[in-house]
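Everything below concerns the one structure shown next.
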Amino acid sequence: MNVMCSTVRVALQTVGDSAITAPLAGHVESCDSCREAVGLVASVRADLRRLPIDEFPAPSGFYRSVMSSLGPVAVPDLEGRHSKTVPIAVATAAVATAAASTAVILHLRRTRVA
Amino acid sequence: MHREAVERLEPHDLVDKARHGDRDAFGELVRIHQDEVYTLAVRLTRDPDLASDVAQDAFVRAWRAMPKFRGDAKFSTWMHRITVNTAWTHRTKRNKVRLDPLDDMHREPVSTSIDPIRAGESASAAPVISKALLDLSESVRAVVVLKDVYDWGHNEIAEHLDISVTAAKVRLHRGRKELRVRLAPLVDGGE
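Protein chains in written order, with this note's numbering: chain X, 1253 to 1366; chain F, 429 to 619.
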């Protein structure tokens, strides 16, 4: 193994087969050992790239589980302000409290007038 | 919105409606991407039960962050990033519970319980490659998966895995070297 072979090995180890450009590519063409090493790296990468991205199907019931976990509706803020999640129960409670307070105040005023 | 209606929408319309809080539209996105997200989670965790938790958690996080999704990347790419972050969060929590130092180089793979049913163009090679990938140690496998399967850049990998770029490259080299050893019989035609 000569200096060029060592350089090819280091390039394969640190970057991969994409690092085999000229003049390394010229050496690889003429060196059986380096050509085999580069070919092996390239084939492994190609095989990995071909693995299907949906290789493993989601388990049964997954969709239902996700949808039941989503929680409160996120209130979108598309103008750049912070978006807030507004729990509907909290909002309803706030409205009910305000309505009840108003009713109490009005009742007290009528009582005072009377 | 009824399911039949959302099924007819284009992906970018689904994303737009989901950003506005349309749960049915987001549900359709879940249906479309659930296998993809689960597959990435499996490849990162090597544990089907943990992968299910990670994938579910990732979709929940995505739902909460939908209003902030600007659409400058594909929805699937965005989901991949969330899934990786979620998997690493689960990993960090799990490691805190461990009494012994993490030594996943010697951990027995659980990939026998994961059955890849879809093959790529090479019907005989894909399952072998998939298994070899799953048999890598966790930290090395994450880098190889993100770089060589999902084509992430080194900087992006380092950022999401909270490691240096140098560490990412070292692990990538180690993972590829190990894969070459495991897959050499396949490349040689089984000789």
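No residue lacks a Cβ here, since even glycine has one placed at the ideal position from N, Cα and C.
Here the structure is a predicted model, which is why all the values come from computation and not from measurement.
{"query": "State the Cα-Cα distance for the pair E1288(X) and K502(F), rounded to the nearest angstrom.", "result": "37 Å"}
{"query": "Using the rule of at least 16 other Cβ atoms within 10 Å of the residue's Cβ for burial, across every protein chain shown, is I1357(X) buried or exposed?", "result": "exposed"}
{"query": "Taking all protein chains shown into account, do 16 or more other C-beta atoms lie within 10 angstroms of the C-beta of D450(F), making it buried, or fewer, making it exposed?", "result": "buried"}
{"query": "Would G603(F) and V568(F) qualify as a contact pair, given that the criterion is a beta-carbon distance under 7 Å?", "result": "yes"}
{"query": "Where do the ends of the alpha helix (DSSP H) carrying E1307(X) lie?", "result": "Note, E1307(X): premise wrong, no alpha helix (DSSP H); not H, not E."}
{"query": "From G548(F) to D1299(X), what distance separates their C-alpha atoms?", "result": "At G548(F), the pLDDT of 38 sits below 50, so the modelled position is not reliable; the number obtained from the coordinates is stated separately. Each residue's alpha carbon lies about 9 Å from the other."}
{"query": "Within the 7 Å Cβ cut-off, does A1274(X) reach chain F?", "result": "no"}
{"query": "Using the beta-carbon of each residue, which ones in chain A are nearer than 9 Å to L1360(X)?", "result": "The structure shown has no chain A; the protein chains it does contain are X and F."}
{"query": "Return the residues of the region 1295-1313 of chain X that lie within a Cβ-Cβ distance of less than 9 Å from chain F, sorted by chain order.", "result": "S1295, V1296, R1297, D1299, L1300, R1301, R1302, L1303, P1304, I1305, D1306, E1307, F1308, P1309, A1310, P1311"}
{"query": "Is the separation between the beta-carbon of T467(F) and that of F1314(X) shorter than 7 Å?", "result": "no"}
{"query": "Using a Cβ-Cβ cutoff of less than 6 Å, which residues in the same chain neighbour A483(F) once the five nearest sequence positions on both sides are dropped?", "result": "V465, Y466, A469"}
{"query": "My understanding is that M507(F) touches R447(F), with C-beta atoms under 8 Å, so please give their C-beta distance in whole angstroms.", "result": "Not confirmed; about 14 Å, so no contact."}
{"query": "Counting C-beta neighbours from all protein chains within 10 Å, is the total for E435(F) 16 or more, i.e. buried, or is it exposed?", "result": "exposed"}
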